[in-house]
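For the sequence shown, UniProt numbering assigns the number 1 to the initial residue and increments by one for each residue that follows.
Quick reminder that beta carbons are idealized off the backbone N, C-alpha and C, glycines included.
Step one of this worksheet: look at the structure below.
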Amino acid sequence: MPADPRATAILLGVLLFTGAEPGRAQDAGPETEAVDSALAVDREARELRRESEEAAAAASQAEAQVRQMAAEIQVLEGRALAAERRLQTLQSRRGALLDRVAEREEGLTALLAALQSMARRPAAAMLLEPGSALEAARLASLVKTVRPKILARTADLRADLDRLAALRRSVAKQRSALARTEAQLSERMSEYSDAAARYRRRSRSLSQNAATAATRASRLAANAVEAAGLDRGLALPDDIERGRRLRSHRPARAEVDALGYRRPATGPVLARFGAPSEVGVIGRGITLGTRKGALVTSPANGTVVYAGPFRDYGGVVILEHGNVATGPPMTTIISGLADVEAQVGQEVSRGLPVGRAGAAGVALELRRGGTPVDPLFYIAGEARASQEDG
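So this is what it looks like as structure tokens:
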């Protein structure tokens with residue numbers, strides 16, 4: 001409870017009026033004892049206020065630390081993804097080169113074997129055979145013709161073997177880089193887990209209203225699920241399903257800047273908004289090809305209204321962002337999570353972790369007034385490219 005300066009002044013006035021001296025209780029009557037008790041309450045209130053401010057500062061600092069660590073982890077995850085793709089490319093090139101080397105070795109070996117067989121024939125036998133002189137002349141001409149080809153094939157084979165050795169070194173180097181990145185990622189993940197645990201403890205102890213807010217939000221989320229509201233939120237409207245087409249609202253720059261949207265995880269876009277899947281389902285959002293267990297963060301400031309498993313969508317987190325730039329309310333649906341770290345009723349800032357990715361990547365949907373829109377239109381730096389593709 002914050003201390004009221006006016007209350008303190010009134011208490012001091014009462015002390016002066018009654019003739020009591022602060023700090024002396026030996027002659028205290030009932031009135032003085034009451035005043036001393038009130039002063040004690042006032043001191044306690046001031047102490048509680050100080051502790052509350054310190055707790056708020058500590059929670060804010062812990063949140064900033066968690067956001068920074070999450071950003072660093074996502075950079076490392078990006079490096080690991082790039083290293084894995086580079087390693088896959090190198091191994092594919094190495095396999096193709098091995099096949100070519102084997103093919104060239106086989107042809108060169110056959111050619112050399114034929115020449116050696118002809119060269120091993122005794123000269124006397126050649127003289128006794130009819131036409132041997134002509135055959136010897138042909139052999140000399142063949143050797144003269146084939147020799148440059150043998151030298152060329154040998155040079156090509158030597159060059160391929162050199163390239164193969166270089167590729168082997170590159171593969172080893174890339175594997176070492178991936179191992180170092182994995183070690184850094186593991187270390188940062190461990191540090192993040194400790195920091196996130198501290199942040200959650202401080203956040204829980206910060207506000208007495210958090211439990212009430214969480215209970216209310218849980219009730220709203222439960223009502224939404226029971227009323228099939230979440231089902232409707234995760235399903236296509238009938239008219240879109242019939243038309244098999246899905247077009248997105250294209251936001252103005254002011255709306256993009258106001259929302260401040262970003263990718264929730266590191267990874268390439270595997271499925272785009274409005275694109276049909278292999279079974280013909282129209283995409284209502286995008287799918288990011290993340291590493292299994294990758295950190296997933298809130299793409300914008302908002303409130304968690306649902307957090308947990310939902311049918312076959314895996315772990316699901318739904319965030320409400322409110323009205324953006326005086327436009328309709330915005331809602332984010334993140335699904336495909338193997339682990340959900342967010343809690344219903346939690347206020348999250350952009351970049352704060354909400355879960356971990358599953359093996360199939362992360363699906364991201366953005367709703368504008370309940371209508372699906374392309375998330376890439378709202379991500380700075382990607383909006384123009386996405387609009388050009390559309």
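How about residue i and residue j: are their beta carbons less than 9 Å apart?
i: VAL317; j: VAL340; result: yes
i: ALA294; j: ARG350; result: no
i: ILE379; j: ARG272; result: no
i: GLY285; j: LEU270; result: no
i: VAL304; j: GLN343; result: yes
i: LEU352; j: THR297; result: yes
i: LEU185; j: ALA82; result: no
i: ALA357; j: ARG291; result: yes
i: GLY274; j: ARG250; result: no
i: ARG175; j: LEU87; result: yes
i: THR287; j: LEU178; result: no
Could you say which of the options lies nearest to residue i if we only look at CA atoms?
i: ARG85; options: GLY267, VAL344, GLN346; result: GLY267
i: GLY315; options: ASP257, VAL354, PRO328; result: VAL354
i: LEU259; options: LEU366, ASP312, ARG67; result: LEU366
i: GLU191; options: GLN65, ALA80, TYR313, GLY308; result: GLN65
i: PRO264; options: GLN61, GLY283, GLU255, ALA71; result: ALA71
i: ILE334; options: PHE310, ASP160, GLU255; result: PHE310
i: ALA159; options: VAL101, ALA177, ALA195, GLU255; result: VAL101
i: ARG253; options: ARG188, LYS292, GLU182, GLY327; result: GLY327
i: GLU63; options: GLU320, ALA195, VAL256, ALA357; result: ALA195
i: ASP162; options: SER193, PRO148, GLU187, LEU97; result: LEU97
i: GLY302; options: HIS321, ALA172, THR371, ASP257; result: HIS321
i: GLU255; options: PRO375, GLN88, THR89; result: PRO375
i: LEU319; options: THR332, TYR313, ARG67; result: THR332
i: ALA359; options: SER193, ALA172, ARG94, TYR313; result: TYR313
i: ASP99; options: LEU164, THR371, GLY308; result: LEU164
i: GLY308; options: PRO329, GLY345, GLN61, GLY95; result: GLY345
Which of the three DSSP states, helix, strand or coil, is assigned to residue i?
i: ALA221; result: Model confidence at ALA221 stands at a pLDDT of 49, short of 50, so the residue's coordinates are unreliable and nothing is read from them.
i: VAL305; result: strand
i: ALA271; result: strand
i: SER248; result: coil
i: PRO375; result: helix
i: PRO148; result: helix
i: VAL344; result: coil
i: LEU167; result: helix
i: ARG322; result: Looking at the sequence shown, residue 322 is not Arg but Gly. If DSSP states are grouped into helix, strand and coil, GLY322 belongs with the strands.
i: SER335; result: strand
i: THR287; result: strand
i: THR297; result: strand
i: GLY361; result: strand
i: ARG180; result: helix
i: ARG24; result: In this predicted model, ARG24 has a pLDDT of only 45, less than 50, meaning its place in the structure is not dependable; the value taken from the coordinates is given anyway. In the structure shown, ARG24 sits in coil (DSSP, three-state: anything other than H, G, I, E or B).
i: LEU259; result: helix
i: ARG232; result: Below a pLDDT of 50, predicted positions are generally treated as unreliable, and ARG232, at 44, falls in that range; no measurement from the model is reported.
i: ARG367; result: strand
i: GLY95; result: helix
Would residue i count as contacting chain C if we go by Cβ distances under 9 Å?
i: GLY289; result: Included in the structure is just one protein chain, with no chain C present.
_Between the stretch 158 to 169 and the stretch 72 to 85, can you find at least three pairs of beta-carbon atoms closer than 8 Å?_
no
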